[in-house]
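What follows is a set of notes on a single structure, which appears directly below.
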Amino acid sequence: MDHFNPGFSSWLNAPAHQQWLADEGLRLLAFAKASRLPEGFGNLDERGQLQAGAQAETMNTARMTHSFAMAHIQGLPGFAELVDHGIAALRGPLRDALHGGWFAVAEHRDGNTGKNAYLHAFVALAASSAVVAQRPGAQALLDDAIDIIDTYFWSEEEGAMREFFNRDWREEEAYRGANSNMHATEAFLALADVTEDPRWLVRAQRIVERVIHGHAAANDYLVIEHFDRDWQPLREYNHDNPADGFRPYGTTPGHGFEWARLLLHLEAARVQAGMLTPGWLATDAQKLFEQNCRHGWDVDGAPGIVYTLDWNNKAVVRHRLHWTHAEASAAASALLKRTGDAQYETWYRLFWEFCETHFIDRYDGSWHHELDPQNRPSADIWAGKPDLYHAWQAVLIPRLPLAPSMASALAHVSRSVPV
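For what it's worth, the UniProt record's numbering labels the leading residue of the sequence shown as 1, then goes sequentially.
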């Protein structure tokens, strides 16, 4: 981690806390190994078992490959083969060999042959981390992912990602999404490090300028998620399906925290690259964090961050999702490192205390992925424990600098450790 010397006692400097984060990471990784399937990685249930009929999915396979690559980079034995397995799946049954790009499920056995920007961002992220991990086949996978993004998804005119195409890329959905562009921003930061090409940082800033500095800023820094093809907000989108796992109605506080962290990573990356860097990146990050804490945390009589809010900032889906709290904690640590402001120390500790008390499952392993409004484990939106990515990154981010991106930062740390 960069030198961090605030004028108060911080958990970020506490050896015991750093060890706690490392130990929790090992526990998460051990649980996730069971997700392996012949064609990639699948969804684990509450006890860490693959359910009958489990299928390899591109989202989980890409996220697991990225996560296992970061474990391997750190020098943790037993993960290289899992990274290789993920690469083989993404270059094999999950890929569309006829038209290019990636299906949601191996051999599109779910009947969906479409191509989603969200999934392709994760493939690019996984490939970039695998390249840093120096695994065979990773560079070819990365080249393929970049080619698909450049050819189909990136819109130079819009300065953002297109959302969804049919299998042969001839038909495009008349929709633009903040979520896919958020994960594209994350992937672009990693691509900038791996390729040493600054165009990825230029693209990341253009996305942020549109989605956050434009639309979110005009909405009191609560992220507008859904847009039409001309980037006009669709405020009633999914009003009748408010708890959708990927496109919920209203605003999503968890994404506000995730964006806040990404803005700080982008700022640090551009400074590190010697690029002109606007001051509003840090200011917007702070305002995103502030507003989503204000409207998302402890707003219904129980602690925790609600899943979604309506346009009057009232809770719609009151469930607490683990990824939201992982991102809130990570954003607090990033803002703490960036500003040295003690308020972020307070939030950082509060979020981890909540996660330890309610999400971290010391009996069956990993984290409960969802809590009901009374903070009891539930499965109304997300069943089981399929996600390693969010919690694993939450225990890594406080131990790393804001730039370079995570896999590259871990490789730098590994190279610099004295022997």
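Here a beta-carbon is modelled for each residue, glycine too, at the ideal position from N, C-alpha and C.
None of the values given here were measured: they were computed from a predicted structure.
Span separating the alpha-carbon of residue i from that of residue j
| i | j | result |
| --- | --- | --- |
| His322 | Ala138 | 30 Å |
| Glu267 | Glu186 | 13 Å |
| Ala56 | Leu37 | 6 Å |
| Arg210 | Met59 | 25 Å |
| Gln19 | Thr252 | 31 Å |
| Glu353 | Glu290 | 19 Å |
| Ala282 | Ala71 | 29 Å |
| Leu288 | Asn312 | 17 Å |
| Glu107 | Ala89 | 11 Å |
| Ser378 | His358 | 12 Å |
| Leu388 | Val131 | 20 Å |
| His17 | Ser10 | 10 Å |
| Arg176 | Pro15 | 44 Å |
| Trp382 | Ser67 | 20 Å |
| Ala22 | Ala117 | 32 Å |
| Leu371 | Asp298 | 14 Å |
Cβ neighbours of residue i in the same chain (closer than 7 Å, five flanking residues each side left out)
| i | result |
| --- | --- |
| Gln343 | none |
| Asp300 | Val306, Ala315, Arg318 and Pro373 |
| Trp259 | Met182, Ile212, Val223 and Leu288 |
Assumed close pair residue i, residue j - CB separation to whole angstroms, cut-off 8 Å
| i | j | result |
| --- | --- | --- |
| Ala145 | His120 | 7 Å |
| Pro404 | Leu12 | Their Cβ separation, rounded to whole angstroms, is 19 Å, which puts Pro404 and Leu12 out of contact at 8 Å. |
| Gly86 | Thr61 | 6 Å |
| Phe31 | Gly256 | Not a contact, Cβ separation roughly 28 Å. |
| Leu335 | Gln286 | 7 Å |
| residue 439 | Glu157 | One cannot answer for residue 439 here, as it falls past the ends of the chain, which runs 1 to 419. |
| Met64 | Phe79 | Between Phe79 and Met64 the Cβ distance is about 10 Å, and since that is not below 8 Å, they are no contact. |
Local Cβ density within 10 Å of residue i, reported as buried at 16 or more and exposed below that
| i | result |
| --- | --- |
| Lys337 | buried |
| Tyr363 | exposed |
| Leu98 | exposed |
| Pro24 | Strictly speaking, residue 24 in this sequence is Glu, with Pro absent from that position. Burial call: buried. |
| Lys385 | buried |
| Val419 | Any reading at Val419 is ruled out, since the residue's pLDDT is 37, under 50, leaving its predicted position unreliable. |
| Leu26 | exposed |
| His390 | buried |
| Ala205 | For the record, residue 205 in the displayed sequence is Gln; it is not Ala. That one is buried. |
| Phe8 | exposed |
| Arg162 | buried |
Sheet register partners of residue i (DSSP bridge)
| i | result |
| --- | --- |
| Lys115 | Phe165 |
| Gly40 | Leu37 |
| Leu388 | Beta-bridge pairing links Leu388 to no other residue. |
| Phe227 | Arg176 and Pro233 |
| Glu370 | Leu321 |
| Ile360 | Trp367 |
Close-in-space but distant-in-sequence residues of the same chain around residue i (CB under 8 Å, 5 per side omitted)
| i | result |
| --- | --- |
| His239 | Tyr249 |
| Met1 | With a pLDDT of 44 at Met1, under the threshold of 50, the predicted position of this residue should be treated as unreliable, though the coordinate-derived value follows. Closer than 8 Å at Cβ, skipping near neighbours: Leu12, Lys337, Pro398, Arg399, Leu400 and Pro401. |
| Thr346 | none |
6 Å Cβ shell around residue i - same chain, five flanking residues per side excluded
| i | result |
| --- | --- |
| Ala330 | Arg261, Ala394 and Ile397 |
| Thr277 | Glu267, Arg270 and Val271 |
| Arg167 | His99 and Thr113 |
| Pro308 | Note that residue 308 is Thr in the sequence shown, not Pro. Pro248, Gly250, Thr252, Val316 and Val317. |
| Cys355 | His325 |
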